[in-house]
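K.L.:
Taken in sequence, the protein lines are chains P and S.
The end of the first sequence is residue 144 by this note's numbering, with every number in the run present.
The end of the second sequence is residue 144 by this note's numbering, with every number in the run present.
2 protein chains.
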Amino acid sequence: VQPRLSLVTLGVREVAASRRFYVDGLGWPTVLDLPEVVFVQVAPGVLLALFGADDLAADATGGLDAAGPAGRASLACNVDTPDQVDAAVRDWTAAGGTVVKAAQPAAFGGRHAYLADPDGFLWEVAHNPGLVVADDGTVSLRVL
Amino acid sequence: VQPRLSLVTLGVREVAASRRFYVDGLGWPTVLDLPEVVFVQVAPGVLLALFGADDLAADATGGLDAAGPAGRASLACNVDTPDQVDAAVRDWTAAGGTVVKAAQPAAFGGRHAYLADPDGFLWEVAHNPGLVVADDGTVSLRVL
């Protein structure tokens, strides 16, 4: 798996409140602005996602174990093909990391897995055909 | 304060163990590799920092309140001048965020402050003259 950060997802208590702070308060422009999740571009190819902590926990675990720290935050590494998700899971476990949610079709229309590093920090590895990074680093995101 | 992510710092139990996972295990190359902190570039202009949780907590709070979630992780927004650190603190509080550590000289030779969003997620705003982002997004980092 390449060293590529694609998203930092914050699991927030209330998306609307978080949006008021980052978008209305700080004036950060959105890439995609939905009631359940708000995306802001924060570097070339990198988005900040404001997502409900319960929703993040459910997404990260498949809803099986929605309690615990999984809802707190997640880093994401987007890969170019669905097969690269499975390859990343193999790389990750070979390096000593753990699988939190096995590679599977994702709600957003691609394929993903959730992994944890030795400290329990969450990484999502995802192939998301709706997320496109232009040559200049500008990210566009559409819901499939 | 601009929507700019410069670092994601993970507060880890043991830097050497975290380094074994990310650098030896996953093969991610380092930008700066020190016993107390390891930096990996993960996007144009963006570094992942592996830093001891206790060190991060102490840095974030000035050592006054090193307990609590401050050592868990931090996002950083690097700005171009020392004055922009103070301006960012004003923007942040005007938007409803809180100050965890007031703007002050930083151990790395620049100026920084630690801020929290409404959910308590930590952001460091920093002017770091030792961190330079080239036009192609490559980050170089030196200890001053």
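Note that the Cβ used here is the ideal one computed from N, Cα and C, for glycine as well.
Run through DSSP, which three-state label would Asp-59 of chain P get?
P.N.:
As a working mapping, residue 59 of chain P is identified with position 59 in the first sequence. Helix.
K.L.:
Compare the C-beta of Tyr-22 of chain P with all C-beta atoms of chain S and state if any pair is closer than 9 angstroms.
P.N.:
Walking along the first sequence from the start, residue 22 of chain P turns up at place 22. By this cut-off, Tyr-22 of chain P is an interface position.
K.L.:
Quick one: what does DSSP say Trp-28 of chain P is sitting in, helix, strand or coil?
P.N.:
One-based indexing of the first sequence puts residue 28 of chain P at position 28. Correct three-state label for Trp-28 of chain P: coil.
K.L.:
In the DSSP assignment, what residue or residues form a beta bridge with Ser-140 of chain P?
P.N.:
Your numbering for residue 140 of chain P matches position 140 in the first sequence. Answer is P:Val-132, bridged to Ser-140 of chain P.
K.L.:
By Cβ distance, which residues of its chain are closer than 7 angstroms to Gly-130 of chain S, with the 5 residues on each side in sequence left out?
P.N.:
The residue given as residue 130 of chain S occupies position 130 in the second sequence. Answer for Gly-130 of chain S: Phe-108, Gly-109, Leu-141, Arg-142, Val-143 and Leu-144, listed in chain order.
K.L.:
Which residue marks the beginning of the alpha helix (DSSP H) containing Ser-18 of chain S, and which one marks its end?
P.N.:
The count along the second sequence starts at 1 and reaches residue 18 of chain S at position 18. Ser-18 of chain S -> alpha helix (DSSP H) spans 15 to 19.
K.L.:
Whole angstroms is fine: what's the gap from Ala-103 of chain P's alpha carbon to Ala-95 of chain P's?
P.N.:
Position 103 of the first sequence, counted from the first residue, corresponds to residue 103 of chain P. Position 95 of the first sequence, counted from the first residue, corresponds to residue 95 of chain P. Ala-103 of chain P and Ala-95 of chain P: Cα-Cα distance of roughly 17 angstroms.
K.L.:
Less than 9 angstroms separating the beta-carbons of Val-40 of chain S and Pro-29 of chain S?
P.N.:
Position 40 of the second sequence, counting from 1, holds the residue named residue 40 of chain S. Position 29 of the second sequence, counting from 1, holds the residue named residue 29 of chain S. Taking 9 angstroms as the Cβ cut-off, Val-40 of chain S and Pro-29 of chain S qualify as a contacting pair.
K.L.:
Can you confirm whether Phe-121 of chain P, when its beta carbon is compared against all beta carbons of chain S, has any partner nearer than 9 angstroms?
P.N.:
Within the first sequence, numbered from 1, the residue matching residue 121 of chain P stands at position 121. So, interface residue.
K.L.:
Which chain S residues sit within Cβ distance under 7 angstroms of Pro-118 of chain P?
P.N.:
Within the first sequence, numbered from 1, the residue matching residue 118 of chain P stands at position 118. What Pro-118 of chain P touches in chain S: Ala-17, Ser-18 and Phe-21.
K.L.:
So, is Glu-14 of chain S buried or exposed, given that buried needs 16 or more other C-beta atoms within 10 angstroms?
P.N.:
Along the second sequence, read from residue 1 onward, the residue named residue 14 of chain S stands at position 14. Exposed, by the Cβ-count rule.
K.L.:
So which residues of chain S does Leu-48 of chain P contact, with C-beta pairs closer than 9 angstroms?
P.N.:
Translated into positions along the first sequence, residue 48 of chain P becomes position 48. Correct list: Pro-3, Leu-5 and Leu-75.
K.L.:
Could you give the uninterrupted runs of the beta strand (DSSP E) lying entirely in the region 64 to 102 of chain P, keeping only those of 3 residues or more?
P.N.:
Entirely contained in the region 64 to 102 of chain P, the beta strand (DSSP E) runs reaching 3 residues are, in chain order, 73 to 78.
K.L.:
I believe Ser-18 of chain S touches Ala-76 of chain S by the beta-carbon criterion, under 8 angstroms. Please report the beta-carbon distance rounded to the nearest angstrom.
P.N.:
As a position in the second sequence, residue 18 of chain S is number 18, starting the count at 1. As a position in the second sequence, residue 76 of chain S is number 76, starting the count at 1. With 8 angstroms as the limit, Ser-18 of chain S and Ala-76 of chain S do not qualify as a contact, their Cβ atoms being about 18 angstroms apart.
K.L.:
Should Ala-94 of chain P be flagged as near chain S, meaning a C-beta pair shorter than 9 angstroms?
P.N.:
On the first sequence, residue 94 of chain P is found 94 positions in, with the first residue counted as 1. By this cut-off, Ala-94 of chain P is an interface position.
K.L.:
Counting only C-beta atoms, is Gln-41 of chain P closer than 9 angstroms to chain A at any point?
P.N.:
You won't find chain A in this structure, because its protein chains are P and S.
K.L.:
Here's the rule I'm using: 16 or more other beta-carbon atoms within 10 Å means buried, otherwise exposed. How should Thr-202 of chain S be labelled?
P.N.:
Examination of residue 202 of chain S is not possible in this model, given that chain S is present from 1 through 144 alone.
K.L.:
So Ala-116 of chain P and Asn-78 of chain P are in contact, right, with Cβ under 8 angstroms, and what is the actual spacing, rounded?
P.N.:
Numbered from its first residue, the first sequence carries residue 116 of chain P at position 116. Numbered from its first residue, the first sequence carries residue 78 of chain P at position 78. About 18 angstroms separates the two Cβ atoms, so there is no contact after all.
K.L.:
According to DSSP, is Ala-53 of chain P part of a helix, a strand, or is it coil?
P.N.:
To locate residue 53 of chain P, count along the first sequence from 1; it is residue 53. Correct three-state label for Ala-53 of chain P: helix.
K.L.:
For a contact meaning CB atoms closer than 7 angstroms, what does Pro-44 of chain P contact in chain S?
P.N.:
Indexing the first sequence from 1 puts residue 44 of chain P at position 44. Under the 7 angstroms cutoff, chain S gives Ala-43, Pro-44, Gly-45 and Gly-137.
K.L.:
9 angstroms is my cut-off, CB to CB: does Pro-29 of chain P come that close to chain S?
P.N.:
Counting from one through the first sequence, the residue named residue 29 of chain P turns up at place 29. Interface residue, yes.
K.L.:
Is Val-133 of chain P closer than 9 angstroms to His-112 of chain P when the C-beta atoms are compared?
P.N.:
Numbered from 1 along the first sequence, position 112 holds the residue referred to as residue 112 of chain P. Numbered from 1 along the first sequence, position 133 holds the residue referred to as residue 133 of chain P. No, the Cβ-Cβ distance between His-112 of chain P and Val-133 of chain P is not below 9 angstroms.
K.L.:
Please list the partners that Asp-54 of chain S has in chain P, where partner means a Cβ-to-Cβ separation under 7 angstroms.
P.N.:
In the second sequence, residue 54 of chain S corresponds to position 54, counting from 1. Here the premise fails: no neighbours, minimum Cβ distance about 13 angstroms.
K.L.:
Is DSSP giving Val-46 of chain S helix, strand or coil here?
P.N.:
The sequence position of residue 46 of chain S within the second sequence is 46, counting from 1. If DSSP states are grouped into helix, strand and coil, Val-46 of chain S belongs with the strands.
K.L.:
Checking the sheet assignment: what are the DSSP bridge partners for Phe-39 of chain P?
P.N.:
Residue 39 of chain P sits at position 39 when you count from the first residue of the first sequence. P:Leu-32 and P:Ala-49, per the DSSP bridge assignment.
K.L.:
Just how far apart, CA to CA, sit Val-23 of chain S and Val-31 of chain S?
P.N.:
As a working note, residue 23 of chain S is residue 23 in the second sequence. As a working note, residue 31 of chain S is residue 31 in the second sequence. Roughly 11 angstroms separates the two Cα atoms.
K.L.:
On the three-state DSSP scale, how would you describe Val-1 of chain P?
P.N.:
In the first sequence, counting from the first residue as 1, residue 1 of chain P sits at position 1. Of the three classes helix, strand and coil, the one that applies to Val-1 of chain P here is coil, per DSSP.
K.L.:
Could one say the Cβ of Asp-33 of chain S lies closer than 9 angstroms to chain P's Cβ atoms, at least one of them?
P.N.:
Position 33 of the second sequence holds residue 33 of chain S. No, its Cβ sits nowhere closer than 9 angstroms to a Cβ of chain P.
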